[in-house]
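**Student:** Pasting in a structure now, in structure tokens, and then I'll have a few things to ask.
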Amino acid sequence: MKNPMRASRPTFSQILKASVERQDQNRGWCDRCKRYQQLAARKTIQNVPPILMINAAIHSHEAKQLWATPNWLPEKIGIIVNQGQFFCYEGQDLEHHLRRNFYDIQVYELVGVVADINSGENQKSHLVSMINVAPSSRTEEAESKWHLFNDFLVRPVNKEEALRFEPNWKLPSVLTYESVKASHHIDDSWKENLDTSLLYRTWGPGESDNAEFKPLHPSEHPGPGWPVAIDAEFVSLQREEIEISASGQRETIRPSRLGLARVSVLRGNDGEDEGKPFIDDYIAITEPIVDHLTLFSGISPGDLDRATSKHALVGLKVAYKKLWLLLNLGCVFVGHGLPKDFRTINIHVPKAQVVDTVDLYFIPARQRKLSLRFLAWIVLEEDIQQSTHDSIEDARTALKLWKHWRAVEEAEGRHVCEEMVRDIYKRGWEVGFKVPGSLTGPRRTDAATPEQSGAGAGGGSATPQRGITPVRPGTSGGSGGVVGGWKPPPLPQ
Numbered sequence: 002m003k004n005p006m007r008a009s010r011p012t013f014s015q016i017l018k019a020s021v022e023r024q025d026q027n028r029g030w031c032d033r034c035k036r037y038q039q040l041a042a043r044k045t046i047q048n049v050p051p052i053l054m055i056n057a058a059i060h061s062h063e064a065k066q067l068w069a070t071p072n073w074l075p076e077k078i079g080i081i082v083n084q085g086q087f088f089c090y091e092g093q094d095l096e097h098h099l100r101r102n103f104y105d106i107q108v109y110e111l112v113g114v115v116a117d118i119n120s121g122e123n124q125k126s127h128l129v130s131m132i133n134v135a136p137s138s139r140t141e142e143a144e145s146k147w148h149l150f151n152d153f154l155v156r157p158v159n160k161e162e163a164l165r166f167e168p169n170w171k172l173p174s175v176l177t178y179e180s181v182k183a184s185h186h187i188d189d190s191w192k193e194n195l196d197t198s199l200l201y202r203t204w205g206p207g208e209s210d211n212a213e214f215k216p217l218h219p220s221e222h223p224g225p226g227w228p229v230a231i232d233a234e235f236v237s238l239q240r241e242e243i244e245i246s247a248s249g250q251r252e253t254i255r256p257s258r259l260g261l262a263r264v265s266v267l268r269g270n271d272g273e274d275e276g277k278p279f280i281d282d283y284i285a286i287t288e289p290i291v292d293h294l295t296l297f298s299g300i301s302p303g304d305l306d307r308a309t310s311k312h313a314l315v316g317l318k319v320a321y322k323k324l325w326l327l328l329n330l331g332c333v334f335v336g337h338g339l340p341k342d343f344r345t346i347n348i349h350v351p352k353a354q355v356v357d358t359v360d361l362y363f364i365p366a367r368q369r370k371l372s373l374r375f376l377a378w379i380v381l382e383e384d385i386q387q388s389t390h391d392s393i394e395d396a397r398t399a400l401k402l403w404k405h406w407r408a409v410e411e412a413e414g415r416h417v418c419e420e421m422v423r424d425i426y427k428r429g430w431e432v433g434f435k436v437p438g439s440l441t442g443p444r445r446t447d448a449a450t451p452e453q454s455g456a457g458a459g460g461g462s463a464t465p466q467r468g469i470t471p472v473r474p475g476t477s478g479g480s481g482g483v484v485g486g487w488k489p490p491p492l493p494q
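In structure tokens form, the structure reads like this:
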């Protein structure tokens, strides 16, 4: 026996049709009878777009219960527009019309849902997105690939979880349907007509304090594979707000918020201008800065204020547009710890366009990632960041580390690079992964064995000094090593 409540439950397609063809009642002036009359107005549809954005508009308890019904939201709908009339079908009705092939029916598939999440009492609700990324790929894939997008958290979820709704805590807000004809069609033609003039524009004599700053020349054309070294500095716009519970547990009420203060981009291609910056933007910030983080950013009070700054400040949109242009031109970004910078800047760069020296000089089994300053000291024998951070210096150092890695890999193979990294970790443990002090004296270029101290009066055995011991690939040596032309600096005495 059929449940009468179930039999009377409207389908999604029926509600969509009623919403589109809804009649509005209002009053209007009638010139014929010279008085106000009750009027009924109904919109007619002439065609439908390839993308449908549908507001769920849940305002009643009955509507919430409807959305909680399993599988009530169809994954596919079919729409027919005929002589101003709108028809919508789903399920078996849709299959029937597709088989008949009598009308021109547009088939849409569900590709995204924005859901309103209620976290509980005394908590504001927030929005998350459930998106099926499969239709947006260039290659056709049979299975759906649903993902949860919750601020910076992105993780795969199964279809059932993505499309399951609960009246008490999870309800849909906006639905997105895409025409199946548009699936897997990515139009990149706009990239061929990018206006790149912003990259060549200068902003005044105070644009950069670095004497090596050199704007792009019209003969320079960033494009696919063009390497650029990048580093950014940030200031704090909002402090972290925490709350200590009665049990002593620390809970973050509001996370800290950083703002982009400076971004530097250097040429990474071989040539006389290699390592020279062509972007060195200081960002004008109008909202209050709670901490300039000078020790880590090199930004001092007044640097980002148009009234007091000695720099040629640019707006955030200008700085962002430059990075966006380099991204869509296909440039490869080289830097150290780039995911965090990109996240704070709020720009997504595909992995294929990122070279992160944090990952190059890293052994996952060791878990510890190496700082830029330590790598500069042990690989390049350079002592950087002695007082504060400088984005040009940091970007150039990351570029040198990448170039060094490539040189070793091309000369002796990737396995030698891996041996080099193992040696770096070994030396790191000996000094606690800290730079012992400023480098002094000329860079050592020989591969001599450790020097021996003179024997004492009693003729006792000499104690070798800690220094550089040559290590051939595949062999072990002393505390240091020479791998692929790489020589770590001697440990302090």
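In the working numbering, the protein residues as written are 2 to 494. Even glycine gets a Cβ: it sits at the ideal position worked out from N, Cα and C.
Helix, strand or coil for Phe279? Go by DSSP, reduced to three states.
**Tutor:** Three-state result, Phe279: strand.
**Student:** Just to confirm my understanding: we take Val1, look at its own chain, exclude 5 residues before and 5 after, and list those with CB closer than 8 Å. What are they?
**Tutor:** Because the chain here runs from 2 to 494, residue 1 falls outside it and cannot be looked at.
**Student:** Quick check on DSSP: helix, strand or coil for Lys77?
**Tutor:** Residue state, collapsed to three classes: strand.
**Student:** Consult DSSP for Tyr37 and reduce its assignment to one of helix, strand or coil.
**Tutor:** Reduced to three states, the DSSP call for Tyr37 is strand.
**Student:** For Arg240, tell me which candidate among Tyr178, Leu259, Glu275 and Leu400 has the shortest Cα-Cα distance.
**Tutor:** The shortest C-alpha separation from Arg240 is found at Leu259.
**Student:** Hey, is the region 87–100 in contact with the region 147–158, meaning 3+ C-beta pairs nearer than 8 Å?
**Tutor:** As far as the Cβ criterion goes, the region 87–100 does not touch the region 147–158, which means the pair count is below three.
**Student:** Since I believe Leu324 is in contact with Ile300 (beta carbons under 8 Å), could you give me their beta-carbon distance rounded to a whole number of angstroms?
**Tutor:** No, Ile300 and Leu324 are not in contact; Cβ-Cβ is about 19 Å, not under 8 Å.
**Student:** So, at 7 Å on beta carbons, what are the nonlocal neighbours of Ile59 in its own chain, with the 5 sequence-adjacent residues on each side left out?
**Tutor:** Excluding sequence neighbours, Ile59 sits near Lys65, Trp68 and Leu172.
**Student:** Here's the rule I'm using: 16 or more other beta-carbon atoms within 10 Å means buried, otherwise exposed. How should Phe401 be labelled?
**Tutor:** The question names Phe, but residue 401 in the sequence shown is Lys. Lys401 comes out buried.
**Student:** Would you mind working out which of Thr287, Glu221 and Gly226 sits nearest Glu273, comparing C-alpha positions?
**Tutor:** Measuring from the Cα of Glu273, the nearest candidate turns out to be Glu221.
**Student:** Tell me the DSSP secondary structure of Tyr362 in three-state form.
**Tutor:** Tyr362: coil per DSSP, three-state reduction.
**Student:** Using the C-alpha atoms, what's the distance from Gly303 back to Pro471?
**Tutor:** For Pro471, the pLDDT reaches just 30, beneath the cut-off of 50, and the residue's location in the model is therefore unreliable, although a value from the coordinates is still provided. Their Cα atoms are separated by approximately 51 Å.
**Student:** Could you tell me the boundaries of the alpha helix (DSSP H) in which Pro340 lies?
**Tutor:** Leu339 to Ile346 is the span of the alpha helix (DSSP H), which, as asked, contains Pro340.
**Student:** Rounded to a whole number of angstroms, what is the C-alpha to C-alpha distance between Ile16 and Tyr201?
**Tutor:** Rounded to the nearest angstrom, the two C-alpha atoms are 54 Å apart.
**Student:** Given a cut-off of 7 Å, decide if Gly79 and Val108 are closer than it, judged by their beta-carbon atoms.
**Tutor:** Yes; because the gap between Cβ atoms is below 7 Å, this pair is in contact.
**Student:** Check for me: the beta strand (DSSP E) holding Leu400 runs from which residue to which?
**Tutor:** That residue, Leu400, is in no beta strand (DSSP E); its alpha helix (DSSP H) goes Ser392 to Glu413.
**Student:** Since Ser20 is in the alpha helix (DSSP H), which residue starts that stretch and which ends it?
**Tutor:** Where Ser20 is concerned, the enclosing alpha helix (DSSP H) stretches over Phe13 to Val21.
**Student:** On the criterion of 16 or more Cβ atoms from any shown chain inside 10 Å, does Asn133 qualify as buried, or is it exposed?
**Tutor:** Classification for Asn133: buried.
**Student:** So what does DSSP say about Arg423, is it helix, strand or coil?
**Tutor:** Helix.
**Student:** Grab the span of the alpha helix (DSSP H) containing Gly85 for me, first residue to last.
**Tutor:** Here Gly85 belongs to no alpha helix (DSSP H), and DSSP marks it neither H nor E.
**Student:** Is it true that the CB of Ser265 sits closer than 7 Å to the CB of Ala396?
**Tutor:** The answer is yes: Cβ separation under 7 Å.
**Student:** May I have the straight-line CA-CA distance separating His337 from Cys89, to the nearest angstrom?
**Tutor:** Taking the straight line from one Cα to the other gives about 53 Å.
**Student:** In chain order, which alpha helix (DSSP H) runs of at least 4 residues are fully inside the region 226–257?
**Tutor:** Runs found: none.
**Student:** With the cut-off set at 7 Å, would you say Val236 and Ile280 are in Cβ contact?
**Tutor:** Taking 7 Å as the Cβ cut-off, Val236 and Ile280 do not qualify as a contacting pair.
**Student:** When the Cα atoms are used, what is the spatial distance from Leu294 to Leu261?
**Tutor:** Whole-angstrom Cα-Cα distance: 12 Å.
**Student:** Count the CB pairs spanning the region 367–383 and the region 174–194 that are closer than 8 Å, and state whether there are at least three.
**Tutor:** Result no; under three Cβ-Cβ pairs closer than 8 Å.
**Student:** Rounded C-beta distance between Phe13 and Pro51? I'm assuming under 8 Å.
**Tutor:** That pair is no contact at about 20 Å.
**Student:** Considering only C-alpha positions, which residue in the set Thr287, Leu317 and Tyr321 is nearest to Thr309?
**Tutor:** The shortest Cα separation from Thr309 among Thr287, Leu317 and Tyr321 belongs to Thr287.
**Student:** For Trp403, count the other beta carbons within 10 Å of its own beta carbon; 16 or more makes it buried, fewer makes it exposed. Which is it?
**Tutor:** By the 10 Å Cβ count, Trp403 comes out buried.
**Student:** Is the separation between the beta-carbon of Ile243 and that of Thr253 shorter than 7 Å?
**Tutor:** Their beta carbons are under 7 Å apart, which means Ile243 touches Thr253 by this criterion.
**Student:** What does DSSP give as the partner residue(s) for Asp292 in the beta ladder?
**Tutor:** Asp292 pairs with Ser237.
**Student:** Which residue marks the beginning of the beta strand (DSSP E) containing Glu110, and which one marks its end?
**Tutor:** Gln107 to Ile118 is the extent of the beta strand (DSSP E) around Glu110.
**Student:** Whole-angstrom Cβ separation of Ser61 and Ala116, contact assumed at under 8 Å?
**Tutor:** In fact, because the Cβ distance is near 18 Å, the residues do not count as touching under 8 Å.
**Student:** Which stretch, first to last residue, makes up the beta strand (DSSP E) that contains Ser130?
**Tutor:** It spans His127 to Asn133 - the beta strand (DSSP E) in which Ser130 sits, taken as one unbroken run.
**Student:** Rounding to the nearest angstrom, what Cα-Cα distance links Val181 and Thr45 in this structure?
**Tutor:** So the alpha carbons of these two residues sit roughly 24 Å apart.
**Student:** Can you list, in chain order, the residues of its chain whose CB lies under 7 Å from that of Arg251, leaving out five sequence neighbours each side?
**Tutor:** So the list reads Ile243 and Ile245, once near-sequence residues are dropped.
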